[in-house]
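For reference, the structure discussed in these notes is given below.
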Amino acid sequence: MKAVTGVIRKGQKYYIGECLEIDVVTQGKTIDEALSNLKEAVALYFEGAPTPSIATQEPPLLVTIGVEEYASP
1 MKAVTGVIRK
11 GQKYYIGECL
21 EIDVVTQGKT
31 IDEALSNLKE
41 AVALYFEGAP
51 TPSIATQEPP
61 LLVTIGVEEY
71 ASP
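For reference, each letter of the sequence shown is one residue, going 1 to 73 in the UniProt record's numbering.
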């Protein structure tokens, strides 16, 4: 079984779920709903279609980088 990486982030109104390896994006009112929707969307992406080639590589390293606020010109 191969795995894909999902990212959930807070949008302005909803949580946004996206997959890094394939073009799948969804949303939900809660983190759990966004995750559930993302799992369903990924399953639908692969359903009934030939399995696309997903590179077998080490999982990506996700980091948060703090940045200073931009100064007003």
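Just so you know, even glycine gets a beta-carbon here, dropped at the ideal spot from N, CA and C.
Check: Closer than 7 Å by C-beta to threonine 26: which residues in its own chain qualify, once you throw out the five before and the five after it? Chain order, please.; Outcome: Gly17, Ala34, Asn37, Leu38 and Ala41
Check: Going by other Cβ atoms of all chains shown within 10 Å of its Cβ, with 16 needed for buried, is valine 24 buried or exposed?; Outcome: buried
Check: Mind checking who tyrosine 15 pairs with in its DSSP beta bridge?; Outcome: Lys10 and Gly28
Check: Which whole-angstrom value describes the C-beta separation of tyrosine 15 and glycine 28, a residue pair presumed to lie in contact below a C-beta threshold of 8 Å?; Outcome: 5 Å
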